[in-house]
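*Asks:*
Protein chains in written order, with my numbering: chain D, 1107 to 1463; chain V, 92 to 378.
What follows is the structure in structure tokens.
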């Protein structure tokens, strides 16, 4: 089922724009072009207010675009109501019907679409099994935990076998541990059913972990589309460099002064080595001297803020491969040499929109 | 001294509560419940058939016998309950679209205007409103004048349906307001979820909105039903079909006070049964 080898994109957005209010207010979504492939796990990633949820709601049909078009599997659905679109949504607040049992919630879409009762019962059980909630048929949403409600919401959407599943920050309300479990599970379910997932999140870690590809939203526009590693390794703008993972970002002036580079640059904290001041530097490496200004112990890694002698600050992350540095506080004030490979200096496109993070 | 009293009370929460509630409890106990008990006690007291005076503590069930022996009392009871049910249903049917418009469609400005328009009649005197309806309904009144060109006569002031119409008008705001509040409580995402799963407007209303409005409708119906059940001015002024209240009123003023008291048990029993029914529908979580 996942090998629907058609080249027609599952979702195609063309010049999609949504403005609320009139005139001088910046549009919530400002002319987006995007193609999401069939069977893909695609994330819309961005901070709150960046237009990602509005975009998802337009795909679902809850909001009408101000201009532009939405195509689903080669069909223009721009003006179609939600009930005439072959997509289903998992809502951020789950939106389970409180007066119905779990089974009734899941069966709702099938019932409305006149699926015969016998088939309905089979498919509801199948969906409950998929989200590992067998035996919860007769519970009410109020009797479930957050994670269980989340699963019911997922089952209620998937049972209809939509061609595209839209997920609006579905894990946002769960605690960290449960979130990580559900991330793995969602990914497994997606692989099993082969449905295109369009996943809205503000959590870059989540987007990197789960997506086949992702689009980074900023102020109503898409600033970069690509596979997670691609976006992480080659952020197009300072905004992406700052938002997807952590980055040290330097404007032209500092880039020249501290790194001998031209133009605006970024470097990842984990790509920098922390050495003693008199350690050697290889030919393809750059290096600078500085003083440890602060130390944050994070368990698996330790983060250092280095005050470079040139006057710039630099964040450095070191994996704690050996025993954790017990003396971390006494490290403050120590002289160090920071070293990086030149290829790890990322030069960033000029982007007047992008704010340094 | 005052701080010593305060300390004494703060260490004794029960005494504090008692001091707080003693005045209102005395009021309710003597004035409200007391008078009700005296009225109901009359039902079991005998009446001197010659002087018409009630003999207190002279226990008898005569009054109940009179009521049960005369089918008119039953007919009036059924008529009153029937009209109260009808008023409640009509108010619910009108309130649903109006409340839906206020809660989900109207812009904030229009919403405020409509809410004021709905509640405005509550600020006017009950009698003024009923007399206004009299001028509309009477034989040569506004309604009669409007339908005269069609060759139809106005309803006049005898029809029992006038009571249904006027009572619906009077109590409609008490239905609209809880239904509106109930609609406000339904998250928009539930309606979106229903549409997302393939439900068109009517299906969404029937399967998602209406079941969640039942407590609100039950809460509103307590007002429309009980106020209609107890009314005796509207039936008197706009029709000539008597309600339970008219019978009680007439008997207590001119006829037999024990009969009035005995007949009072009926609306009290009906209301109690109705409140139990409404509680099962969740009305009291929705008030």
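Yeah, the Cβ is synthetic: ideal placement off N, Cα and C, and Gly gets one too.
Fair warning: this is a prediction, and the values are worked out from it, not measured in the lab.
(1) Within this structure, are the beta carbons of residue 1399 (chain D) and residue 1413 (chain D) separated by less than 8 Å?
(2) Note down, in chain order, all residues in the region 271 to 296 of chain V with a beta-carbon under 8 Å from any beta-carbon belonging to chain D.
(3) From what residue to what residue does the alpha helix (DSSP H) around residue 1311 (chain D) run?
(4) Would you mind telling me which residues of chain V sit closer than 8 Å to residue 1492 (chain D), beta carbon to beta carbon, in chain order?
(5) May I have the straight-line CA-CA distance separating residue 104 (chain V) from residue 112 (chain V), to the nearest angstrom?
(6) Just how far apart, CA to CA, sit residue 1177 (chain D) and residue 1269 (chain D)?
(7) Could you check which residue in D:1343, D:1403 and D:1338 has the C-alpha nearest to that of residue 1436 (chain D)?
(8) Only counting the same chain, and skipping five residues up and downstream in sequence, which positions put a Cβ closer than 6 Å to that of residue 1204 (chain D)?
(9) Three or more C-beta pairs closer than 8 Å, one from the region 1122 to 1131 of chain D and one from the region 1153 to 1169 of chain D: is that the case here?
(10) Short of 8 Å Cβ to Cβ, which residues in the region 1301 to 1316 of chain D face chain V?
(11) Just checking: is the beta-carbon of residue 1121 (chain D) within a distance shorter than 8 Å of some beta-carbon in chain V?
(12) Can you grab the Cα-Cα spacing for the pair residue 1245 (chain D) / residue 1212 (chain D), in whole Å?
(13) For the region 294 to 307 of chain V against the region 1192 to 1211 of chain D, do three or more pairs of beta-carbon atoms, one drawn from each stretch, fall closer than 8 Å, so that the two count as touching?
(14) Who are residue 1419 (chain D)'s beta bridge partners in DSSP?
(15) With 8 Å as the C-beta to C-beta threshold (strictly closer), list the residues of the region 298 to 309 of chain V near chain D in chain order.
(16) Please report how far the alpha carbon of residue 1111 (chain D) lies from the alpha carbon of residue 1146 (chain D), in whole angstroms.
(17) Residue 1179 (chain D) touches chain V at which residues, Cβ-Cβ below 7 Å?
(18) Would you say residue 106 (chain V) lies against chain D (beta-carbon separation less than 8 Å)?
(19) Count the other CB atoms, across all protein chains shown, that sit within 10 Å of the CB of residue 1275 (chain D); report buried if there are 16 or more and exposed otherwise.
(20) Unbroken alpha helix (DSSP H) runs of length 4 or more, entirely within the region 1193 to 1224 of chain D: which are they?
(21) With three or more beta-carbon pairs closer than 8 Å as the criterion, would you say the region 323 to 342 of chain V touches the region 1252 to 1262 of chain D?
(22) Using a threshold of 8 Å, state whether the C-beta atoms of residue 1263 (chain D) and residue 1195 (chain D) are closer than that.
(23) Restricting to Cα atoms, I'd like to know which of D:1425, D:1342, D:1330 and D:1328 is closest to residue 1375 (chain D).
(24) What are the partner residues of residue 295 (chain V), as DSSP defines its beta bridges?
(25) Count the other CB atoms within 10 Å of the CB of residue 1310 (chain D); is the residue buried (16 or more) or exposed (fewer)?
(26) Ordered along the chain, which non-local residues of its own chain (more than five positions away) have a Cβ less than 6 Å from that of residue 269 (chain V)?
(27) Does the separation of the CB atoms of residue 1318 (chain D) and residue 1294 (chain D) fall below 8 Å?
(28) Let me make sure I understand the geometry here. Which of V:159, V:324, V:376 and V:281 has the alpha-carbon closest to that of residue 225 (chain V)?
(29) Helix, strand or coil for residue 1110 (chain D), going by three-state DSSP, please let me know.
(30) What's the gap between the Cα of residue 131 (chain V) and the Cα of residue 121 (chain V)?
(31) Taking Cβ-Cβ distances shorter than 9 Å, what residues in chain V pair up with residue 1465 (chain D)?
(32) Taking the alpha-carbon positions, what's the residue 207 (chain V) to residue 304 (chain V) distance?
(33) Is DSSP giving residue 1154 (chain D) helix, strand or coil here?
(34) Determine, using beta carbons only, whether residue 1207 (chain D) comes closer than 8 Å to chain V.
(35) Quick one: Cα of residue 1234 (chain D) to Cα of residue 1261 (chain D), how far?
(36) Bridge partners for residue 1140 (chain D) per DSSP, in chain order?
*Replies:* In brief:
(1) yes
(2) 278, 280, 281, 283, 284, 285, 286, 287, 288, 289, 290, 291 and 294
(3) 1310 to 1316
(4) As displayed, chain D neither begins before 1107 nor continues past 1463, which places residue 1492 (chain D) out of reach and without an answer.
(5) 12 Å
(6) 13 Å
(7) D:1403
(8) 1247
(9) yes
(10) none
(11) no
(12) 12 Å
(13) yes
(14) D:1413
(15) 298, 299, 302 and 303
(16) Residue placement at residue 1111 (chain D) is poorly supported in this model, since its pLDDT is 48, which falls under 50; the coordinates still yield a value, given next. One C-alpha to the other measures close to 12 Å.
(17) Within chain V, no residue comes near residue 1179 (chain D); the closest Cβ sits about 17 Å away, beyond 7 Å.
(18) no
(19) buried
(20) 1208 to 1218
(21) no
(22) yes
(23) D:1425
(24) BP columns for residue 295 (chain V) are empty, so no partner.
(25) buried
(26) 307, 310 and 311
(27) no
(28) V:324
(29) Note on residue 1110 (chain D): pLDDT 48, under 50, position unreliable in the model; no value is reported.
(30) 15 Å
(31) Shown here, chain D extends from 1107 to 1463; a query on residue 1465 (chain D) therefore has no answer.
(32) 22 Å
(33) coil
(34) no
(35) 6 Å
(36) D:1119
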